[in-house]
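Asker:
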Amino acid sequence: MERVARTSIVDVVIARLRDEIRNGNWPVGTKIPTEATLVDVLGVSRPSVREAVRSLVQAGLLESRQGDGTYVVAEDETTVALQRVVDAADRAEAQLVRHTLEVLAAREAATHRSKADVDALRVALQGRRTAKAKADLDAFIDHDVAFHIGVARASHNVLLLDFYRSFEGAMRDPAHGAFCMSAPEDPHRDFHNDLFHAIQRGDHGAATRAAIYGLDVHERHLHAVGS
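Structure representation (structure tokens):
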């Protein structure tokens with residue numbers, strides 16, 4: 008039988024900081040407390056806090072911005088690792104995997120969604136429409152990504168959500184966002200709206216069809232850009 012390894016103070020601090028991120032106390036995009044504040048709250052030395060923060064920066068959860076502080080940029084190391092793999096992958100292969108996940112997420116969301124999931128999707132969808140009307144590209148992309156990740160979250164499959172979130176960098180491509188925002192609105196073929204209502208009423212067949220139609224629109228855009 009092996010001896011139980013002693014846990015260092017730095018490891019304990021890393022675990023505490025990671026918990027703050029995973030529990031949503033420090034959402035992605037927010038600045039974490041200052042080093043002095045963390046020293047006071049955790050009751051540990053400044054070097055221990057500094058080492059723990061540095062470790063989470065290297066893991067991709069935090070980002071230090073010179074003269075501004077340290078920000079949360081990801082919720083867990085799994086998503087960061089997967090995103091690095093996706094970024095380095097062949098574009099066509101990555102698109103195929105993402106499209107497969109998109110359809111799966113839509114079907115599972117229609118089956119497992121909660122009222123809170125539906126409410127979040129409604130907010131993202133309305134935000135997307137408002138941003139489009141105002142020609143606010145940054146806001147449009149934020150709400151569009153929130154909608155699609157919200158669909159994956161509504162599946163209540165943690166592994167599926169982790170895989171899907173690894174494509175967030177590609178989903179934030181400004182060129183594709185600009186195309187989506189400038190495309191003429193057809194209320195009868197707006198797959199986002201169709202997908203939302205299918206998920207809301209729990210119709211996994213309609214949700215799957217809406218997701219596939221949306222992917223067809225995306226493919227046509229890629230071919231138009233490449234031609």
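Taken in order, the sequence shown gives residues 8 to 234; the numbers are from this note's numbering. Glycine included, C-beta positions come from ideal geometry on N, C-alpha and C. Quantities reported herein were computed from a predicted structural model and do not represent experimental measurements.
Going by beta-carbon coordinates alone, are Y78 and E70 separated by less than 8 angstroms?
Answerer: Result yes, Cβ atoms of Y78 and E70 sit closer than 8 angstroms.
Asker: Could you pull out every residue in the same chain whose Cβ sits closer than 7 angstroms to the Cβ of A218, ignoring the five residues on either side in sequence?
Answerer: Closer than 7 angstroms at Cβ, skipping near neighbours: E109, V110, A113, L202.
Asker: Between L45 and the rest of its own chain, which residues show a CB-CB distance below 6 angstroms, the 5 nearest in sequence each way excluded?
Answerer: Correct list, in chain order: V56.
Asker: Note down the Cα distance separating R208 from A117, rounded to an integer number of angstroms.
Answerer: Taking the straight line joining both Cα atoms gives about 7 angstroms.
Asker: L24: buried (16+ other C-beta within 10 angstroms of its C-beta) or exposed?
Answerer: Buried, since its Cβ has 16 or more Cβ neighbours within 10 Å.
Asker: Does the pairing of the region 147-154 with the region 166-181 give three or more beta-carbon distances under 8 angstroms?
Answerer: The region 147-154 is in contact with the region 166-181.
Asker: On the CB-based measure, 16 or more other CB atoms within 10 Å of its CB, does G212 come out buried or exposed?
Answerer: That one is exposed.
Asker: Where does the unbroken beta strand (DSSP E) through T77 begin, and where does it stop?
Answerer: Where T77 is concerned, the enclosing beta strand (DSSP E) stretches over 76-79.
Asker: Output needed for V35: all residues of its chain with C-beta closer than 7 angstroms, excluding positions within five of it in sequence on either side, in chain order.
Answerer: Within the same chain, V35 has close Cβ partners V79, V80, A81, E82.
Asker: My output table needs one value for E70: the three-state DSSP class, helix, strand or coil.
Answerer: Of the three classes helix, strand and coil, the one that applies to E70 here is strand, per DSSP.
Asker: Helix, strand or coil for K141, going by three-state DSSP, please let me know.
Answerer: K141 falls in the coil class under three-state DSSP.
Asker: Between the Cα of D26 and the Cα atoms of G50, L63, Q73, which residue gives the shortest distance?
Answerer: For the residues G50, L63, Q73, the minimum Cα distance to D26 belongs to L63.
Asker: For A205, count the other beta carbons within 10 Å of its own beta carbon; 16 or more makes it buried, fewer makes it exposed. Which is it?
Answerer: Burial call: buried.
Asker: Looking only at C-alpha atoms, which of V158, H183, M188 sits nearest to K139?
Answerer: The residue with the shortest Cα to Cα distance from K139 is M188.
Asker: Quick one: residues in its chain with C-beta nearer than 8 angstroms to the C-beta of L222, no 5 flanking neighbours on either side, listed in chain order?
Answerer: So the list reads H106, E109, V110, once near-sequence residues are dropped.
Asker: Who does K38 pair with in a DSSP beta bridge?
Answerer: Per DSSP, Y78.
Asker: So what does DSSP say about F170, is it helix, strand or coil?
Answerer: In this structure, F170 counts as helix in the three-state DSSP scheme.
Asker: State buried or exposed for S162, treating a residue as buried only when at least 16 other CB atoms are found within 10 Å of its CB.
Answerer: S162 comes out buried.
Asker: Could you work out which residue in A22, R91, T37, Q90 is closest to E58 when comparing CA atoms only?
Answerer: Nearest of A22, R91, T37, Q90 to E58, Cα basis: A22.
Asker: For V79, verify whether its CB is less than 7 angstroms away from any heavy atom of the ligand FMN.
Answerer: With respect to small molecules bound, the structure shown includes none, and the ligand FMN cannot be examined in it.
Asker: Alpha carbon to alpha carbon, how far is L166 from H183? Give it in angstroms, no decimals.
Answerer: About 26 angstroms.
Asker: Which residues in the same chain have their Cβ closer than 7 angstroms to the Cβ of I28, if we skip the five residues on either side of it in sequence?
Answerer: For I28, where only same-chain residues beyond five positions count, the Cβ hits under 7 angstroms are L68, V79, E82.
Asker: With distances taken from CA atoms, which of D197, Q65, K122, R179 is nearest R160?
Answerer: Nearest option by C-alpha distance: K122.
Asker: Roughly how many whole angstroms lie between the Cα atoms of A142 and T37?
Answerer: Straight-line Cα distance between these residues: approximately 26 angstroms.
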